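Asks: With my numbering as the guide, the letters of the sequence shown map in order to residues 1249 to 1567. Every residue gets a Cβ at the ideal spot worked out from N, C-alpha and C, and that includes glycine. Here the structure is a predicted model, which is why all the values come from computation and not from measurement. A single structure is presented below for examination.
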Amino acid sequence: MRSEGERRRRSVLVLGPLHPDAVARLGEHLDVTVAPTGHDDPAVGDPSRFAALVPMLTKKVDADLFATFTGLRIVSNVAVGIDNVDLPACRARGVVVTNTPGVLTDATADLAFALLLAASRRLGEAERLLRASGFPPWSPGFMLGKRLKGKTLGIVGYGRIGKAVAARARGFGLDVIATPSSLVDVTAHDTKRVPLEELLGSSDFVSVHVPLRPETRHLLGARELRLMKRGAVLVNTARGAVIDEAALVEVLRDGHLFAAGLDVFEHEPVVHPGLLALENVVLLPHIGSADPETRREMAMLAADNVVAFFTTGSALTPV
Ligand code: NAP
């Protein structure tokens, strides 16, 4: 038999598997339901009882959801990107939205740099060849890639992850330039800020780190991709739709770009068949933040946001 106090506890729905420590944290303050298969999971029951929702980035949170989740007060997204959440719809209903900034910066920057190296030095292509045909005869002209030292890396979106990639790049002897950003004091950094078009035209490597918003959808379209230097390498660990994927296939196929490294795709989980057919692109299934410490910290921050909202009245990282 639950006490009166327990009966009055608010309910939170976790849409997807969440680290057990984070489920336990939520459970200290709320009644927790975990529904890994989505909000049509039988475990959900009456959706109107939930005051909080903890979705993964693959869950769309939009106006349709509010038709049944009528009691929601907070959506705590387990990601820093919030393009899966309809912010205006949430704001219109007074629902607070939070994300997980900072805790995944280094993991994602590591992966962006891994993709930069893999695409530039043809790691995917070389490994596929070795597995399929055995060790090839050694030759000085075989599998030549791109040298990094002394070249220029352009960072599109110089926020937390963009800056962390820049720090790694300097260790490899790259010069770094970046697009301007409203939040960063230009004078406090040694990174030259240039408009997007200038950056594209003067970078040997380009790494994309802008959030996906209506104004950044296809920020790199056919025109912008053609503005990139011939033989440049493009890396995207932000969101797929920031780049026009069909146009990217064209510039990779005709050799305008040397290679690309992609962790994210325009229509996940679908990968453009043109990309799958190309040798000069490294394709990863959205694993930017995939290390156990980072995943736990993301889950804990998502849980702490919900707990703080209901215990103090303010979430920790609202957007
Ligand atoms: P952040 O700190 O907010 O940085 C984003 C930067 O992009 C800000 O400096 C922002 O400038 C800039 N920006 C926004 N619109 C722009 C535009 N049109 N042109 C140029 N710059 C623009 O975010 P973050 O933590 O670095 O994360 C960046 C993104 O990475 C996330 O939104 C998410 O989609 C993605 N991500 C992916 C993975 C993965 O698993 N692959 C993991 C983590 C994050 P202002 O300051 O002027 O707004």
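Can you tell me whether DSSP reads I1330 as helix, strand or coil?
Replies: DSSP, reduced to helix, strand and coil, places I1330 outside both helices and strands of the structure shown, so it counts as coil.
Asks: When DSSP labels each residue in this structure, what does P1384 get in the three-state scheme?
Replies: coil
Asks: Short check: CB of G1488 to CB of E1514, under 8 Å?
Replies: yes
Asks: Please classify S1537 as buried or exposed, where buried requires at least 16 other C-beta atoms within 10 Å of its C-beta.
Replies: The residue is buried, with at least 16 neighbouring Cβ atoms inside 10 Å.
Asks: Let me know if K1308 comes out buried or exposed under the rule of 16 or more other beta-carbons within 10 Å of its beta-carbon.
Replies: exposed
Asks: In chain order, what residues of the same chain have a beta carbon less than 8 Å from the beta carbon of G1419, not counting five sequence neighbours either side?
Replies: none
Asks: Once the 5 residues before and after T1356 are set aside, which same chain residues still bring their CB inside 8 Å of it?
Replies: The residues I1409, A1412, T1485, G1536 and S1537, in chain order, have a CB closer than 8 Å to that of T1356 in the same chain once the five nearest residues on each side in sequence are set aside.
Asks: Please go through the same chain and pick out, in chain order, the residues whose beta-carbon is closer than 7 Å to the beta-carbon of P1284, but skip the five residues on each side of it.
Replies: G1264 and P1265.
Asks: Compute the minimum distance between the beta carbon of A1299 and the heavy atoms of the ligand NAP, and state whether it is under 7 Å.
Replies: no
Asks: Whole angstroms is fine: what's the gap from S1455's alpha carbon to A1426's?
Replies: 10 Å
Asks: Quick one: what does DSSP say R1441 is sitting in, helix, strand or coil?
Replies: strand
Asks: Quick check: the Cα distance between E1445 and A1315, rounded to an integer number of angstroms?
Replies: When rounded, the distance between both Cα atoms is 43 Å.
Asks: Quick one: what's D1423 bridged to in DSSP?
Replies: D1423 pairs with T1400.
Asks: Tell me whether T1306 counts as near the ligand NAP, meaning its Cβ is closer than 7 Å to at least one heavy atom of that ligand.
Replies: no
Asks: Using the Cα positions of Y1406 and P1459, report the straight-line distance between them to the nearest angstrom.
Replies: Taking the CA atoms as reference points, Y1406 sits about 11 Å from P1459.
Asks: Verify the contact flag: T1346, CB atom, against every heavy atom of the ligand NAP, threshold strictly below 7 Å.
Replies: no
Asks: Verify whether the separation of the beta carbon atoms of S1324 and T1346 is less than 8 Å.
Replies: yes
Asks: Would you check if there are 3 or more beta carbon pairs closer than 8 Å linking the segment 1268–1276 to the segment 1544–1555?
Replies: Pairwise C-beta distances place the segment 1268–1276 in contact with the segment 1544–1555, as three or more of them are shorter than 8 Å.
Asks: List the whole-angstrom C-beta distance separating L1363 from L1532, where the pair is believed to meet the contact cut-off of C-beta under 8 Å.
Replies: 7 Å
Asks: Look up P1303 in the DSSP assignment and give the residues it is bridged to.
Replies: L1263
Asks: Give me the Cα-Cα distance between T1348 and P1268, rounded to the nearest whole angstrom.
Replies: 17 Å
Asks: Using a Cβ-Cβ distance cut-off of 8 Å, determine whether L1320 contacts chain C.
Replies: Protein chain content of the structure displayed is limited to a single chain, and chain C is not contained in it.
Asks: Ordered along the chain, which non-local residues of its own chain (more than five positions away) have a Cβ less than 7 Å from that of T1542?
Replies: V1351, L1352 and A1355
Asks: Quick check: is any heavy atom of the ligand NAP less than 7 Å from the C-beta of S1450?
Replies: Checking every heavy atom of the ligand NAP against the Cβ of S1450, none is found closer than 7 Å.
Asks: Looking only at its own chain, which residues have a Cβ that is under 7 Å from the Cβ of K1440, when we skip the five neighbours before and after it?
Replies: I1425
Asks: With distances taken between CB atoms, is the gap from L1401 to F1317 smaller than 8 Å?
Replies: In this structure, F1317 does not lie closer than 8 Å to L1401 by Cβ.
Asks: Please list the terminal residues of the continuous beta strand (DSSP E) segment that includes L1531.
Replies: V1529 to L1531
Asks: In whole angstroms, give me the CA-to-CA distance for A1495 and M1476.
Replies: 13 Å
Asks: My guess is that V1260 and V1302 are in contact by the Cβ rule of under 8 Å, so how many angstroms apart are they, rounded?
Replies: 6 Å
Asks: In angstroms, rounded to a whole number, what distance separates the CA positions of K1394 and G1372?
Replies: 14 Å
Asks: If you follow the alpha helix (DSSP H) that L1523 is part of, which residue opens it and which one closes it?
Replies: P1521 to L1524
Asks: Going by C-alpha to C-alpha distance, which of R1465, R1461 and E1472 sits closest to P1443?
Replies: E1472
Asks: Taking the straight line between their C-alpha atoms, what separation do you get for V1529 and P1385?
Replies: 24 Å
Asks: Could you tell me how far apart the beta carbons of G1509 and A1367 are, in whole angstroms, since I believe they sit closer than 8 Å?
Replies: 4 Å
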